[in-house]
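These notes are about the structure you will find just below.
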Amino acid sequence: MLKIGLIGKPNAGKSTLFSAITSIDVDIANYPFTTIKPNIGISFIKDKCPEDEIHSRCNPREGKCIDGIRYIPVEIIDVPGLIEGASEGKGMGNEFLDNIRDADIILNLFDASGMTDVEGNPAEKRHDPVQDIDFVHSEIVKWMNGKISKDWQKFARKEDNSPDRLEVKILQKAATFGINEKEMILIMTREKFPEKLIHWTDEDIQRLSEAILKYAKPVFNIGNKADMVTDEELESMEAGRGKVYFISAQYELVLEKALKNGYIIPDGNGFLFTDKSGGSQKTVINAIMERVNGNVVKRFYDVLTEIIKSLGYIVVYPVLDESRWTDKNGNVLPDAYLMKEGDTALDLAYRIHTDIGKNFIRAVNGRTQRVIGKDYKLLNNDVIKIISNSR
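In terms of this note's numbering, the sequence shown opens at residue 13 and continues consecutively.
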């Protein structure tokens, strides 16, 4: 399952968002360090389900499908708030940052309202939210630098005598962040580093940390508390910072509670009111939906889906029966896997189970009914049967 690290300074609203998107109750309060241990839960990204093509409702083993929209589960890791000096251990920062070692994607949730200072305390005058973007990025880079540079001279002297390629040598350091060889090869082809490790400078190590964040463990900036700021003010925050997404964790929590209490039910990308909803509920929810249906403030699920799709992830459905698109128990499209563009049928086989990958024979495309080989490149919404002599 794809792992998403949710980080940011204290009191940025991470606990509120986590509770809303995972339906897990956690402590929520307007003061720093409400969360002192990482929270782990399941959220979802959305994609159109191919169930209509088979004229039968799907039966997800994990996640759900509502009105033809498939909700594919991802793991969310809510990391306690980071303060300046976190990379050096201040505020248990090193321990907190260690929780994102295995994260595939990092979301930096910052307070777009500017109503909290750099340490998460209520601000007497408006704090510049852009500073929080830079500060969190800087702390992550420093944390990585510290891990990579530890015992560097000893490491460099030993590895410079090894016949291994540079990316294989560096992987011994980068693997601590969940980086694999394929990702390290990508980094080394995009960036230029000295061949001899003994010649690496502090600047080279920092460039490696930046490259890891750019190519293998990307960080996305998400401005929370957007309900407290005008669209014009939000748009001005993007200047010079690349793409910034804006959400309201409070909106998400209100909508989640309305769903749980039966005031609304899902309807495509929106909601329908039920008989249980009164005038006050309708007024609040309509105001929320009017704001998030604009061009600036968005629903978190839509933001997360956009981010994951932008990184080249696709959804693939493995099945046992390529004609009915079912598993051995007759469940239609029971599994939805997030794969990367360029992944092959063999990659899917290994994803299902190592033994199935090792004993791969061939695969079948569920739409065309044609046999495909191990090198077939997967497409979004592919339905694939893997044939293997694995028991």
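All C-beta atoms in this analysis are idealised placements derived from N, C-alpha and C, irrespective of residue type, glycine included.
#1: Use the C-beta contact count for Thr47: other C-beta atoms within 10 angstroms, 16 or more gives buried, fewer gives exposed.
#2: Can you tell me which of the three DSSP states Val153 falls into?
#3: Per DSSP, Pro87 forms a beta bridge with which residues?
#4: Out of Asp355, Gly354, Asp333, Ile399, which has the shortest C-alpha to C-alpha gap to Ile66?
#5: Leaving out five residues on either side along the sequence, give the residues of the same chain with a beta carbon under 8 Å from the beta carbon of Arg219.
#6: Going by other Cβ atoms of all chains shown within 10 Å of its Cβ, with 16 needed for buried, is His211 buried or exposed?
#7: What's the gap between the Cα of Ala348 and the Cα of Tyr329?
#8: How far does the beta strand (DSSP E) with Ser400 in it extend, from its first residue to its last?
#9: Thinking just about the alpha-carbon of each residue, which of Pro92, Thr286, Met249 is nearest to the one in Tyr275?
#10: Whose C-beta lies closer than 6 Å to the C-beta of Ile191 among residues of the same chain, with five residues either side of it excluded?
#11: Measure the C-alpha to C-alpha separation of Asp110 and Phe167 and round it to an integer number of angstroms.
#12: Asn236 by DSSP, collapsed to three states: which one?
#13: At the level of alpha carbons, what is the spacing between Val327 and Arg363?
#14: Taking DSSP as the reference, what is the three-state secondary structure of Phe219?
#15: I want to know whether the stretch 266-275 touches the stretch 236-243 - three or more CB-CB distances under 8 Å.
#16: Within the chosen definition, does the stretch 16-30 reach the stretch 112-128 through at least 3 CB pairs nearer than 8 Å?
#17: Which residues does DSSP list as the beta-bridge partners of Gly282?
#18: Ordered along the chain, which non-local residues of its own chain (more than five positions away) have a Cβ less than 8 Å from that of Thr380?
#19: By how many angstroms is the C-alpha of Asp387 removed from the C-alpha of Thr317?
#20: Report the residue from Glu63, Lys137, Arg69, Lys26 whose alpha carbon sits nearest the alpha carbon of Asn51.
#21: Using 8 Å for Cβ pairs, my map puts Ile197 next to Ala223. What's the rounded Cβ distance?
#22: Between Leu350 and Tyr313, is the Cβ-Cβ spacing less than 8 Å?
#23: My assumption, with CB atoms under 8 Å, is that Trp337 sits in contact with Gly291. Please give the rounded CB distance.
#24: Contact between the stretch 390-397 and the stretch 357-372: three or more CB pairs below 8 Å?
#25: For Phe122, I'd like the list of residues in its chain whose CB is within less than 8 Å of its CB, leaving aside the five on either flank, ordered along the chain.
The structure says:
#1: Because Thr47 carries a pLDDT of 46, less than 50, the predicted location of this residue cannot be relied on, and the following value inherits that uncertainty. Its Cβ being crowded by 16 or more others within 10 Å, Thr47 is buried.
#2: Of the three classes helix, strand and coil, the one that applies to Val153 here is helix, per DSSP.
#3: Note that residue 87 is Glu in the sequence shown, not Pro. Residue pairing from DSSP places Glu87 in a beta bridge opposite Lys15, Ile54.
#4: Comparing Cα positions, the closest option is Asp333.
#5: Taken in chain order, the residues that qualify are Glu203, Phe205.
#6: Taking all protein chains shown into account, His211 has fewer than 16 neighbouring C-beta atoms within 10 Å of its C-beta and is therefore exposed.
#7: Cα to Cα, the separation comes out at about 5 Å.
#8: From DSSP, the beta strand (DSSP E) with Ser400 extends over 394-400.
#9: Ranking Pro92, Thr286, Met249 by Cα distance to Tyr275 puts Thr286 first.
#10: Non-local beta-carbon contacts of Ile191 in its own chain, meaning distances under 6 Å to residues more than five positions away in sequence, involve Ala228 in chain order.
#11: Whole-angstrom Cα-Cα distance: 22 Å.
#12: Strand at Asn236.
#13: Roughly 13 Å separates the two Cα atoms.
#14: Here residue 219 is Arg; the residue named in the question, Phe, does not match the sequence. Looking at Arg219 - three-state DSSP - the assignment turns out to be helix.
#15: The stretch 266-275 is not in contact with the stretch 236-243.
#16: Segments in contact, yes.
#17: Answer by DSSP bridge pairing, in chain order: Asp279.
#18: Taking C-beta separations shorter than 8 Å and ignoring five residues to either side along the sequence, Thr380 has no partners in its chain.
#19: Rounded to the nearest angstrom, the two C-alpha atoms are 27 Å apart.
#20: Of the candidates Glu63, Lys137, Arg69, Lys26, the one whose C-alpha sits nearest the C-alpha of Asn51 is Lys26.
#21: For a cut-off of 8 Å, the C-beta gap from Ile197 to Ala223 is around 12 Å, too long to register as a contact.
#22: In this structure, Tyr313 does not lie closer than 8 Å to Leu350 by Cβ.
#23: With 8 Å as the limit, Trp337 and Gly291 do not qualify as a contact, their Cβ atoms being about 45 Å apart.
#24: As far as the Cβ criterion goes, the stretch 390-397 touches the stretch 357-372, which means the pair count is three or higher.
#25: Within its own chain, the residues whose Cβ lies closer than 8 Å to the Cβ of Phe122, once the five positions on either side in sequence are excluded, are Gly20, Lys21, Ala24, Pro141, Asp144, Ile145, Val148, Asn233, Ile234, Gly235, Asn236, listed in chain order.
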